[in-house]
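Report on the structure given below.
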Amino acid sequence: MKKVKARHAKPSDPVRMALGYATEGVREDLKVAKALRRVYDDPLNPANPDGRGKNPEEREREERLLDHGMRDVAMRRGSFVADVKRRSLSRPGESFAKFDDAGAVADAMASLGADAVFVNVDYTAYGGDMSELRSAIRAVRAVNDRCAVIMKDIVVDEIQLGLAKEAGADGIVLISSVLGAALQNFLDQATCIGLETIVECHTRDEVRMALDAMAQNIMVSNYDRVRGEYHPDQAYKLAGMFPGSGGPIITLAGGGIETTDQMKRLLAVGYDSVVVGKAVMGSTRAPEFIKCARDRTLLPVELSQWGLEDAEFDMDGNAIPGPKKGVPTPDDEGMFQ
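Numbered according to numbering that gives the first Met the number 0, the sequence shown spans residues 0 to 336.
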């Protein structure tokens with residue numbers, strides 16, 4: 000990190016200038032938040048630039064829900080985040096992907112419908128670098144401008160926020176266990192320069208710290224970075240710590256997700272998005288994972304503990320018979336090549 004800071008020490012350096020730039024007024028772009036909440040797929044969402052007003056029937060329904068204190072209770076759409084990396088801290092010494100350019104992988108994920116991509120830039124931990132972040136940003140912008148590109152690194156210094164901003168990333172991952180009490184300062188600095196954040200947590204205390212710091216996007220990881228241990232049900236167990244449907248907190252779950260059943264379980268229990276890395280890197284099953292997350296209609300978070308994870312509904316909350324059309328299941332042999 001000392002070498003990185005020395006390389007960008009001059010006040011005229013673009014990275015230093017990016018850190019010195021303060022966003023004025025209320026931010027309205029929030030590309031990461033919009034991608035994770037899939038506002039572009041909701042014609043009634045006021046944040047959707049292509050949206051429409053509510054018709055009389057929809058307004059009447061909203062009034063009825065308001066009378067019962069359930070105005071924000073609505074069916075949900077899950078989103079998918081591709082974690083582009085060659086290796087992982089959770090699997091030391093193992094390289095599970097051998098692609099030449101992260102930009103090409105990010106391009107493929109965005110083309111298949113991923114709502115966001117993490118681009119890992121730490122070579123030692125993930126096998127990536129900053130040049131690949133820039134390559135990924137250019138590639139994704141060319142195929143899907145609504146897909147968010149997020150820099151993932153072991154962030155320990157504010158210069159890394161400047162690197163992400165100068166490269167053109169929409170957001171950056173901050174790890175609660177790494178930053179500790181400094182998390183609030185990093186969130187404030189990122190907000191000042193107009194960079195969205197996703198705070199990675201593993202324990203209950205880390206989630207509480209992120210909530211107290213008013214983090215907008217929180218990812219619960221099954222991987223304990225402090226002890227180097229994997230706990231496959233950690234995200235599932237902590238799902239109840241967050242506000243209900245449509246609230247200010249956008250939640251993600253990740254860490255060792257290798258099957259579509261794991262994804263369905265996490266989305267059904269209340270998470271807005273799932274983060275998948277190794278399982279889709281260089282895999283022909285990538286379309287299956289993306290479709291599984293995006294094509295399944297989800298119950299409101301308030302009803303996520305009612306044991307209805309296997310039932311299928313339409314966007315109005317009406318039960319539909321059998322598996323929802325177009326959603327992959329273990330019985331769909333040959334659907335994906």
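We put the CB at the ideal spot given by N, CA and C, even for glycine. Since the structure is predicted, the reported quantities are computational estimates derived from the model, not experimental observations.
- Annotation note: the stretch 170-196 contains the following uninterrupted beta strand (DSSP E) runs of length 3 or greater, listed N- to C-terminal: 170-174.
- Take Gln-183, set aside five residues on each side of it, and the residues of its chain with a beta-carbon closer than 7 Å to its own are Ala-212, in chain order.
- DSSP links Met-218 through a beta bridge to Glu-199 and Leu-251.
- In the same chain as Asp-223, and ignoring 5 residues on each side of it, the C-beta atoms closer than 6 Å to its own belong to His-201, in chain order.
- Proximity to Glu-228 across Gly-254, Gly-179, Gln-159 and Met-262 peaks at Gly-254, based on C-alpha coordinates.
- Per DSSP, Lys-164 is one residue of the alpha helix (DSSP H) stretching across 158-166.
- Check the Cα spacing between Asp-152 and each of Ile-174, Lys-236 and Lys-33: the tightest is with Ile-174.
- In the three-state DSSP reduction, Arg-145 falls in the coil class, being neither helix nor strand.
- If you ignore the 5 residues before and after Ala-234, its C-beta comes within less than 8 Å of the C-beta of Val-219, Ser-220, Asn-221, Ala-252, Gly-253, Gly-254, Leu-265 and Tyr-270, all in its own chain and listed in chain order.
- Spatial neighbours of Leu-132 in its own chain (CB-CB distance under 6 Å, excluding positions within 5 residues in sequence) are listed in chain order as Val-118, Val-120, Met-150 and Ala-166.
- Around the Cβ of Ala-292, a 10 Å sphere holds 16 or more other Cβ atoms; the residue is buried.
- About 21 Å separates the beta carbon of Leu-297 from that of Met-108, a gap too long to meet the 8 Å contact definition.
- Looking only at Asn-44, Pro-55 and Leu-111, the smallest Cα-Cα distance to Thr-283 is reached by Leu-111.
- Between Val-38 and Asp-169 a beta carbon distance of about 14 Å is seen, past the 8 Å cut, so the two are scored as non-contacting.
- The DSSP-derived three-state label of Val-80 is strand.
- Contact between Asp-99 and Ser-134 does not hold, since their C-beta atoms are separated by about 10 Å, which reaches or exceeds 8 Å.
- Sequence-distant partners of Asp-106 (beyond 5 residues in either direction) whose C-beta falls short of 7 Å from its own C-beta, in its chain, are Ala-138, Val-139 and Val-142.
- The beta-carbon distance between Asp-82 and Gly-276, rounded to whole angstroms, is 3 Å. This is short enough to meet the 8 Å contact definition.
- For Tyr-39, the three-state secondary structure derived from DSSP is helix.
- For Val-273, no alpha helix (DSSP H) run applies; the uninterrupted beta strand (DSSP E) run containing it begins and ends at 272-275, by DSSP.
- Annotated three-state conformation of Arg-51 is coil, per DSSP.
- Looking from the CA of Gly-127, the closest CA among Arg-145, Lys-97, Asp-144 and Ala-147 belongs to Lys-97.
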